[in-house]
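In what follows, a structure is listed as C-alpha cells, so that the remarks can point back to it.
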Amino acid sequence: MELEEIVPSNGEHAAPTLSNEQLDSPAVAKTTDNEIIKLSTWKFCTIVISLCSACFLAGYDSTCVGTLGPTISDEFSSLNDVSWYGIAYSLASCATILTFGKLYSFYSARIVFASALSVFVIGSIICATAQSSIAFIVGRAVAGLGNAGIFSGCNIIAARIIPLRWRPFYQSFIGSMECIALATAPLIAGAIADVASWRVCFWISVPLGVIPILSVLFFLRLPKTDKQATHSSLAKLRQLDPIGMTLFVPLVICFTLALQTGGTEYPWSSKQVVIPLTMTGALLVTFILQQAYMQEHATLPARLLKSRIMLSSIAVSFACSGALYVFTYYLPIYYQAIRDVSTMESGVRDLSRILGLTIAIIFAGAMTTMTGYYMPYMVLGGVLMSIGAGLTTTFNTTTSLAHIISIQAIFGLGCGFAWQQPYIAVQASTPASDVPSAIVVLTFGQLLGGVVMLAISQNIFAIELISGLAAKVPGLDANLVLNSGILSLRKVIPAKYLVEALTVYNDALVKVFYTGMAIACVTTFGALGSGWRSVKQADKTK
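This is the structure in C-alpha cells:
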C-alpha cells in the first residue's frame, strides 16, 4: 500500500497519510480513538480553511445580531425581546450540543458537520425573511441548532487530524476566525443596516455557508472509529440516549424561561415563574438519575465531571462566554440609547474589544504551542477580563471615547487569552477515547454561560429600569420606555423627562455591567484550578 507523505516547511518528515481511496478501503475501514489521521498537505489545508470558514460564519451571525438588536427591536417595537435574539440562539445550541456529541461519536463527522451547517443556513434565511419579532426569534433558534453542531464539530474534527502538541496553535487559529468575525461583523452589519437593510446581514450567510459544506463533503475522509465500525444501527440509536435528550431539552428551556421572565414580566411568586422553576428541579433530578443509570452510555458522562481540571475548564468557559455575551449585547444599547450614535458607529466602538480578543487568542495559542503550558495565559486572561469589566462600570453619559476604547481593549485581550485554553487543558488531561465527549461538555458549558448570563442581565436591566423610573421620573410610564425600540427612545420620551430618563437608563445598564464584572472574576478562580500540565508531555503519553 502506497502512502503519501507530508513534508512540513521546516523540512521534517511527518507521519504517513492515507489517500481518500485508501481511507475507504477495507484495510483501513476503522481506526482507534487515539489515532491521528495524517492528511496530505492540500487536503489538510482545505479542511482547516473549511473549519475556519464555518467558525467565521457562526461568529459573524452571533455578533451582527448584537449590533443590529437595537435596529431590529425598533422595527418590531420589541425592546424587551432584544435579549431573546441572543438567548434563542444560545438556548437552541445549549439544549442540543450534547446530542451532537453523540452524533459525532457514532456517525460520519463530515455528514453531521455538513448537516449542521445546512441547518444554520436555513435559520439565517428565516431571520432574513422574518416579519415579526417572534418569527425572527424562531430563525435564531434554528440557526442556534446548527451552531451547536458547527462549534463542537470543528474541535472534534481538529482533534482527529492534528497532533496534541500542535492543537494549541491550530485551534487558536480556527477559534480566531470566530473572533475576526466578531471584529468585522459590527462594521459590516452596521454599514449594511445604514445603507440598505438589516435583513441583508442574514442573507449573506447563505453563500458563506455553501463553501465549507461542499469542502467537507468532498475532502474530509476519516476512517470509522471503533464505535462507528462495531455498533449496529439499533445499538447506535440506543446509545444516542433519546430519553436523556427528551429530559435535557425542556430542562434548559424551563430554566431559561424562569430566569428571563421572573421579576420582569411576572413576579417571582407567580405561577408563570414558579411552574418553570419547579419543572426545572424535577427534570434535573430525573435527568441525573437517568444519566447514572446509563453509566458509560450517558449523554453527560459522570467520569468526566469527577476531574478537577475538567470542572475548572468548564467554569472558565462558562464565565468567559457569559461575560463576553453580556458586553456584546448590552454595550451597543449603551452606545445607541445613551450616546445617541448610529449602528455603524456602535460597531466601530466595539472594534477595540474584538480586535484585542483576536490578537490575544492567536498569541496565546502560539505561545502555548511553544512552551507547552496553557495555565499562565488562562490566569492572565482572567485578571485582564476582571479589570476591563470592572472599569466598564464607570461608563456614563459623558465618558470619553478614548476611555471607552481602551477599557474595551483590556477586556478583549483578557477574553482572548482565556478563550481557547480550556479546550487545550481538557485534551491534555483526558484519555483519547473521551476527548470528543470532553470537548462537547466543555462547549456545552461555554454555551450555557451565554444563555444564563443574558437571561440574568435582561432581568436585572428590566427591574432596575422600572424601579428607577418609578423613583426618579414618576410621571413617565416605565412600560413605554421598556417596550419602545432603542432608537425611538428620544422620540417617545417627552422632552421634560428625557435627561432624567436617560440617567436611569444608564444606571440600569451599569448594573448589568456589574453582572459582567462578577462573572468575569470567576474566570480567574477557575483558571487557577486548571492544572500545571504541558501539552508536549501529554502528547508523548497518548
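Residues in the sequence shown are numbered from 140 upward in steps of one, following this note's numbering. All C-beta atoms, glycine included, are put in the ideal place defined by N, C-alpha and C.
According to DSSP, is V167 part of a helix, a strand, or is it coil?
Within the sequence shown, the letter at position 28 stands for residue 167. At V167, the pLDDT of 44 sits below 50, so the modelled position is not reliable; the number obtained from the coordinates is stated separately. Of the three classes helix, strand and coil, the one that applies to V167 here is helix, per DSSP.
Helix, strand or coil for G670, going by three-state DSSP, please let me know.
In the sequence shown, the residue the question calls residue 670 occupies position 531. Here G670 sits in coil by DSSP.
Let me confirm a value: M524 is counted as buried when at least 16 other C-beta atoms fall within 10 Å, else exposed. Which label applies?
Against the sequence shown, residue 524 aligns to sequence position 385. By the neighbour-count rule (16 or more Cβ atoms within 10 Å), M524 is buried.
Quick one: measure Cβ to Cβ for A287 and T210, integer angstroms, because I've assumed they're closer than 8 Å.
Walking along the sequence shown from the start, residue 287 turns up at place 148. Walking along the sequence shown from the start, residue 210 turns up at place 71. In fact, because the Cβ distance is near 27 Å, the residues do not count as touching under 8 Å.
Whether or not the stretch 184 to 197 and the stretch 470 to 477 are in contact is what I'm after, with contact meaning three or more pairs of Cβ atoms, one per stretch, closer than 8 Å; do they touch?
Touching, no.
Taking the alpha carbon of V579 as the reference point, which residue from A234, Y199, L428 has its own alpha carbon closest?
What you label residue 579 is simply residue 440 of the sequence shown in a count that begins at 1. The candidate whose alpha carbon is nearest that of V579 is A234.
Spell out a yes or no on whether the stretch 455 to 466 and the stretch 565 to 574 are touching, meaning 3 or more CB-CB pairs, one atom from each, closer than 8 Å.
Cβ pair count under 8 Å is below three, so no.
Assuming S263 and F341 make a contact with CB atoms under 8 Å, what is their CB distance in whole Å?
Taking the first residue of the sequence shown as position 1, residue 263 is located at position 124. Taking the first residue of the sequence shown as position 1, residue 341 is located at position 202. Indeed, because the Cβ distance is near 5 Å, the residues count as touching under 8 Å.
Who are the near neighbours of T395 in its chain, counting only those whose CB is closer than 6 Å to its CB and skipping five residues on each side?
The residue given as residue 395 occupies position 256 in the sequence shown. Once the five neighbours on either side are set aside, the close Cβ partners of T395 are L230, V590, A594.
Compute the Euclidean distance between the alpha carbons of A601 and G208, then round it to the nearest angstrom.
Here residue 601 is taken as the residue at index 462 of the sequence shown, counted from 1. Here residue 208 is taken as the residue at index 69 of the sequence shown, counted from 1. Between A601 and G208, the C-alpha separation is close to 16 Å.
Grouping DSSP H, G and I as helix and E and B as strand, with all else coil, what is Y224?
Here residue 224 is taken as the residue at index 85 of the sequence shown, counted from 1. In this structure, Y224 counts as helix in the three-state DSSP scheme.
Pop quiz: I186 and I300 are said to be a contact at Cβ under 8 Å. What is the actual Cβ separation, rounded to whole angstroms?
Translated into the one-based positions of the sequence shown, residue 186 becomes position 47. Translated into the one-based positions of the sequence shown, residue 300 becomes position 161. Indeed, because the Cβ distance is near 7 Å, the residues count as touching under 8 Å.
Below 8 Å CB to CB, which residues in the same chain sit around T654 once its five sequence neighbours on both sides are set aside?
As a working mapping, residue 654 is identified with position 515 in the sequence shown. Only V465, M592, I595, S596, I599 meet the Cβ criterion.
Contact criterion: CB-CB distance below 8 Å. Does N535 meet it with respect to chain D?
Any reference to chain D falls outside this structure, which holds one protein chain only.
Which residue's Cα is closest to the Cα of G521: T202, T662, A335, V349?
For the purposes of this step, residue 521 is taken as the residue at position 382 of the sequence shown. Residue T662 is the option with its Cα nearest to G521.
What is the DSSP secondary structure of V661, reduced to helix, strand or coil?
Mapped onto the sequence shown, residue 661 falls at position 522. Looking at V661 - three-state DSSP - the assignment turns out to be helix.
Between which residues of its own chain and T582 is the CB-CB distance below 6 Å, once the five residues before and five after are set aside?
On the sequence shown, position 443 is the one that residue 582 refers to. Excluding residues within five positions, the ones whose Cβ falls inside 6 Å are I236, F290, S291.
Quick check on G614: does DSSP put it in helix, strand or coil?
Taking the sequence shown and counting its residues from 1, one reaches residue 614 at position 475. Looking at G614 - three-state DSSP - the assignment turns out to be coil, as it is neither helix nor strand.
Considering V518, what are the terminal residues of the alpha helix (DSSP H) in which it resides?
One-based indexing of the sequence shown puts residue 518 at position 379. Here the alpha helix (DSSP H) through V518 covers 514 to 531.
Would you call the stretch 542 to 549 and the stretch 525 to 534 in contact, with 3 or more CB pairs under 8 Å?
They touch, by the three-pair rule.
Assuming P351 contacts L256 under a Cβ cut-off of 8 Å, what Cβ separation, rounded to an integer in Å, is found between them?
Here residue 351 refers to the residue found at position 212 of the sequence shown. Here residue 256 refers to the residue found at position 117 of the sequence shown. Correct: roughly 6 Å between the Cβ atoms.
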